[in-house]
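S.K.: Sharing a structure, written as structure tokens. Questions coming.
In this note's numbering, the protein residues as written are 253 to 337.
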């Protein structure tokens, strides 16, 4: 198996221990971790959008999140819109 180098901001030994921990996790534990990380990313992205656009509606926020996550064409098709915001 090919191993990826540690991220530039992470000590190699710390990274090795982290990878070992991931390998010890059950598939369900890894799925739960991935889910939590995904939720956290959406929260951070939402906070950034709200910081830049404090008056954004819930629907506009959802659309902007979809644009950032899936691309403008897909999100606009889902909302049946070409709104430039």
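Ideal Cβ placement from N, Cα and C applies to all residues, glycine included.
1. Near residue 316, which residues of its chain fall below 6 Å by C-beta distance, leaving aside the five closest residues on each side in sequence?
2. By Cβ distance below 7 Å, which residues in the same chain neighbour residue 298 in space, the five residues on each side in sequence not counted?
3. Roughly how far, in whole angstroms, is the beta-carbon of residue 258 from the beta-carbon of residue 267, given that I think they are within contact range, below 8 Å?
4. Just the C-alpha distance for residue 303 and residue 320, rounded to the nearest angstrom, thanks.
5. Output the boundary residues of the alpha helix (DSSP H) element that contains residue 323.
M.R.: In brief:
1. Your numbering for residue 316 matches position 64 in the chain shown. If we look at residue 316 and ignore the five residues flanking it on each side, its Cβ neighbours are 301.
2. Sequence index remark: in the chain shown, residue 298 carries index 46 (1-based). Hits under 7 Å: 313, 317.
3. To locate residue 258, count along the chain shown from 1; it is residue 6. To locate residue 267, count along the chain shown from 1; it is residue 15. Sure, about 4 Å apart at Cβ, within 8 Å.
4. Reading the chain shown from its first residue, position 51 is the one you call residue 303. Reading the chain shown from its first residue, position 68 is the one you call residue 320. If I take the Cα positions, the gap works out to 16 Å.
5. On the chain shown, position 71 is the one that residue 323 refers to. No alpha helix (DSSP H) holds residue 323; DSSP gives it neither H nor E.
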